[in-house]
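Protein chains in written order, with my numbering: chain A, 712 to 1054; chain B, 3 to 306.
All C-beta atoms in this analysis are idealised placements derived from N, C-alpha and C, irrespective of residue type, glycine included.
Below you'll find the structure, written out as structure tokens, and then a few comments.
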Amino acid sequence: MSAVVRDRTIAVQRWSRVSVSAVASLGLLLLVLAFGPLYLGADYTDRLTTLFIYVILAAMWNALAGYGGLVSIGQQAFFGLGAYAAIRLSNAGLEVYLALILAPLIVGILSVPLASFALRLRGGEFAIGMWVFAELAHLLVNLDTLVQGETGTSLIAISGFAPDARRAFNYWLALAVMTVLVGAVFFLLRSRTGAAIQAIRDNEEAAASVGVRVMVTKRLIFVLAAVGCAAAGALQLATLITFQPKTYFSVQWTAYMIFMTLVGGLGTFEGPILGAVIFFVVETLFGSDGVWYLVGLGASALLFSLLLPRGIWGALSTRFGIQLMPVGYRLQFGARAPEEPGK
Amino acid sequence: MWADQILQGVLLGGYYALIACGLSFMFGILRIVNLAHGSIAVLSAYLVWVVAEQFKISPFLALIAVLPVMAAAGWLLQRTVLERSLRSGALTPLLSTFGLAVVIDNLLFQRFGADTRSLAPDIGDLAFNSWDLPGGASVGQLALITFVVAVALLGGLQLFLSRTPLGRAIRATSEDPDTAELVGIDSRNVFAAASAIAVVTVAIAGTFLAMRSTFDPYTGATQLIFAFEAIVIGGTGSLWGTLIGGIVLGVAQNIGSQINSEGFLIAGHVVFFVVLAARFFIAGRDPRALLRALRGATTRGATT
């Protein structure tokens, strides 16, 4: 028995020196990014907007699978519905950027009744059930005469803005939406609900037995992920302008989300953000290689799920005991004791 | 005309039962929802197509040559991917098999391109011949053969599981691998054998898919969804339920196609959700409340 262990003074901390400086640098980074369109070229502004969309998608899929234990192969449903709702709202005469903001909220409201249905499905049933839902949503949107089946339509109203102004607005909207949504996950995880969410992630039955309201918590995550994916779809529409149902309701989007989350780190807060950056870089470098690039994405998802289930970030943070964002608590044993890697 | 639509729907259901067979078997035994199921069916279809074209032989003969290959693939799938996935939690098999599906689909695309293929030209008259029934309806020969093969395969699997030593070993291992080990069963090999059997049925289904319609590298996702819908409609875990589920799905799709050009797929998905909703509704009823209501009714009946 070493003296260290007898030293029973335990301090519970939320912040470490690393996380304080991480949060500070993150704030600084966001501030620098906020002025992006003023000093970045058109190309970089567009590319960063895309990166923000990826971060949103990865963070949402991670919230669902990594914390809610819900693997969905149908998140493209919300992605497509978000874009479709924006088209519909704008067509009804709403100011186009207001339509882009309202669309995900409407999809969120629609997802509430869906949640009570879908969440009764378990494991693989939920996964493919959501996929069937996405297929059905796609087919129903195709029936809308405004969309004209697979021909599609476009967000005509946004062409009223000059290309530069449009590019800057899209960038700011994407940055704002990303900050709000990732921030929402952050505060959710720090809240009382966050403890419940992590308990559910670790063991659903055990969590229920200590009084965690599993269904309420899961519904919250489900709706958040629906709103987030819908917002990403609306943002994608703002950058592409054209709406072809096939490209929005494609299962490819979920494949991207799975890749980003698995490679970055399923069930960690920082992981999916890292995963989105990796995906962004990989896509920039190899996206033009077409099929082999997709084979690589699938193979990475397969290998990471088997060999490194908590992704790159999960491996790093267990190995070195670092956590950049203070979403959990850490135990600090007595003054001389080495720092314990906390949750 | 409606009677004919329903008849064709029933026959189509035979194909859905066939494609669902392997998915249902794997879910029942290994407790894995194999998201690469459809992709493996399409992979088999390509293999049969390649062998049939290469040696100018009937697809049925080509299938016989491909079956051992797919059995080996099923064995490997269990030993390399599924076994490891199952150890790391309930979600991992979904993620790994989804990754595998993306890999298979895109490798097929890389090798065979976007052209659609079909085995229909290779089976001659069988592709379009039909038998006339009294009353003006007719039954496609291939559709009927598919239906019969589905029933034979489902029945055969049922018999295999209940009557043969390997079938019993598979059921025992599925119940509790550790206890099965105690009575001398090598659970790893038994699971691998179960996976090989499942993939063999998928290869058969893939061949029938290729004979009855066209396919391309990305056809797998739709097949997975149809197979899954058949299983859920019929009630998970029952092989005969899968046949009924397939028939309900096929009939719904055929009726839907009469209503709207996209009605075929929409009706299938809608029936799937309606059946799920009904299942939840029934499960949500408290049996004791039902019993009380019944008792109340009988006492009321007694007093009046």
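Excluding five sequence neighbours on each side, which residues of the same chain lie with their C-beta closer than 8 Å to the C-beta of residue 823 of chain A?
-> So the list reads 930 and 934, once near-sequence residues are dropped.
For the putative contact between residue 908 of chain A and residue 928 of chain A, defined by C-beta atoms under 8 Å, what is the C-beta separation to the nearest angstrom?
-> Taking the Cβ atoms as the reference, residue 908 of chain A lies roughly 6 Å from residue 928 of chain A, within the contact range of under 8 Å.
So with Cβ pairs under 9 Å, would you call residue 828 of chain A a contact of chain B?
-> By this cut-off, residue 828 of chain A is an interface position.
Selected residue, minimal CA-CA separation from residue 235 of chain B, among A:1028, A:836, A:989 and A:897 | The residue from A:1028, A:836, A:989 and A:897 with its alpha-carbon nearest to that of residue 235 of chain B is A:836.
Does residue 268 of chain B come within less than 9 Å of chain A when only Cβ atoms are used?
-> Closer than 9 Å to some Cβ of chain A, the Cβ of residue 268 of chain B qualifies, so yes.
Residue 64 of chain B to residue 119 of chain B, Cα distance in whole Å?
-> Between the alpha carbons of residue 64 of chain B and residue 119 of chain B lies a gap of roughly 16 Å.
Chain A contact residues for residue 227 of chain B, given Cβ-Cβ distances below 9 Å | What residue 227 of chain B touches in chain A: 839, 842, 843 and 846.
Measure the Cβ-Cβ separation of residue 998 of chain A and residue 773 of chain A and say whether it is below 9 Å.
-> No.
Looking at chain A, which residues of the region 90-104 of chain B have a Cβ within less than 7 Å of any of its Cβ atoms?
-> Taking 7 Å as the Cβ-Cβ cut-off against chain A, the residues of the region 90-104 of chain B that qualify are 90, 92, 93, 94, 96, 97, 98, 100, 101, 102 and 104.
Whole angstroms is fine: what's the gap from residue 151 of chain B's alpha carbon to residue 22 of chain B's?
-> The C-alpha of residue 151 of chain B lies about 13 Å from the C-alpha of residue 22 of chain B.
With 9 Å set as the bound, which would you pick, yes or no: does the beta-carbon of residue 52 of chain B sit closer than that to a beta-carbon of chain A?
-> Closer than 9 Å: no.
Cβ of residue 982 of chain A within 9 Å of Cβ of residue 780 of chain A?
-> No; because the gap between Cβ atoms is not below 9 Å, this pair is not in contact.
Between which two residues does the beta strand (DSSP E) carrying residue 134 of chain B extend?
-> Taken as a continuous stretch (DSSP letters only), the beta strand (DSSP E) holding residue 134 of chain B covers 132-134.
Segment limits, alpha helix (DSSP H) that includes residue 938 of chain A = Note, residue 938 of chain A: alpha helix (DSSP H), 925-951.
Check the Cβ-Cβ distances between residue 969 of chain A and every residue of chain B, and say whether any is below 9 Å.
-> Yes, contact with chain B.
In the region 189-202 of chain B, which residues sit with their C-beta less than 8 Å from some C-beta in chain A, listed in chain order?
-> Flagged: no residues at all.
Interface residues of chain B facing residue 831 of chain A [CB-CB closer than 7 Å] | The answer, in chain order, is 282.
In whole angstroms, what is the alpha-carbon distance linking residue 303 of chain B and residue 285 of chain B?
-> Confidence in residue 303 of chain B is poor, its pLDDT being 43 and thus under 50, which makes the residue's placement unreliable; the coordinate value appears in the next sentence. The alpha-carbon of residue 303 of chain B is positioned some 28 Å away from that of residue 285 of chain B.
Counting only beta-carbon atoms, is residue 853 of chain A nearer than 9 Å to chain B?
-> Output row for residue 853 of chain A: interface = yes.
Where residue 142 of chain B sits in the DSSP three-state scheme | Residue state, collapsed to three classes: strand.
Candidates B:35, B:174 and B:208: which alpha carbon is nearest residue 193 of chain B's?
-> Comparing Cα positions, the closest option is B:174.
Indicate whether at least one CB of chain B lies closer than 9 Å to the CB of residue 1009 of chain A.
-> With its beta carbon less than 9 Å from one in chain B, residue 1009 of chain A belongs to the interface.
Quick one, which residues of the region 776-792 of chain A are near chain B if we go by CB-CB under 7 Å, in chain order?
-> Result list: 776, 780, 782 and 784.
In three-state DSSP terms, what is residue 979 of chain A?
-> Residue 979 of chain A falls in the coil class under three-state DSSP.
Report yes if the CB atom of residue 46 of chain B is closer than 9 Å to the CB atom of residue 28 of chain B, and no otherwise.
-> Not in contact: residue 46 of chain B and residue 28 of chain B (Cβ atoms no closer than 9 Å).
Cβ of residue 55 of chain B within 9 Å of any chain A Cβ = Taking Cβ atoms only, chain A never reaches closer than 9 Å to residue 55 of chain B, which makes this a no.
N-terminal and C-terminal residue of the alpha helix (DSSP H) that residue 256 of chain B is part of | Unbroken alpha helix (DSSP H) run through residue 256 of chain B: 241-261.
Do residue 959 of chain A and residue 990 of chain A have their CB atoms nearer than 9 Å?
-> No, the Cβ-Cβ distance between residue 959 of chain A and residue 990 of chain A is not below 9 Å.
Presumed contact (8 Å Cβ cut-off) between residue 1012 of chain A and residue 973 of chain A, rounded CB distance = Their Cβ separation, rounded to whole angstroms, is 5 Å, which keeps residue 1012 of chain A and residue 973 of chain A in contact under 8 Å.
Could you list which residues in chain A have their beta carbon closer than 7 Å to that of residue 111 of chain B, in chain order?
-> Correct list: 1002.
Below 6 Å CB to CB, which residues in the same chain sit around residue 6 of chain B once its five sequence neighbours on both sides are set aside?
-> In chain order, 139 place their CB closer than 6 Å to the CB of residue 6 of chain B, counting only its own chain and leaving out the 5 sequence neighbours on each side.
Does DSSP classify residue 94 of chain B as helix, strand or coil?
-> In the three-state DSSP reduction, residue 94 of chain B falls in the helix class (H, G or I).
Which parts of the region 831-900 of chain A are runs of the alpha helix (DSSP H), unbroken and 4 residues or longer, counting only runs that do not cross its ends?
-> For the region 831-900 of chain A, whole alpha helix (DSSP H) runs of length 4 or above, ordered along the chain, are 834-854.
At a CB-CB cut-off below 8 Å, which residues of chain D make contact with residue 1020 of chain A?
-> The structure shown contains no chain D; its protein chains are A and B.
Based on the DSSP secondary-structure assignment, which residues constitute the bridge partners of residue 119 of chain B?
-> Residue pairing from DSSP places residue 119 of chain B in a beta bridge opposite B:217.
Return helix, strand or coil for residue 960 of chain A, following the three-state DSSP convention.
-> In the three-state scheme derived from DSSP, where H, G and I count as helix and E and B as strand, residue 960 of chain A is classed as coil.
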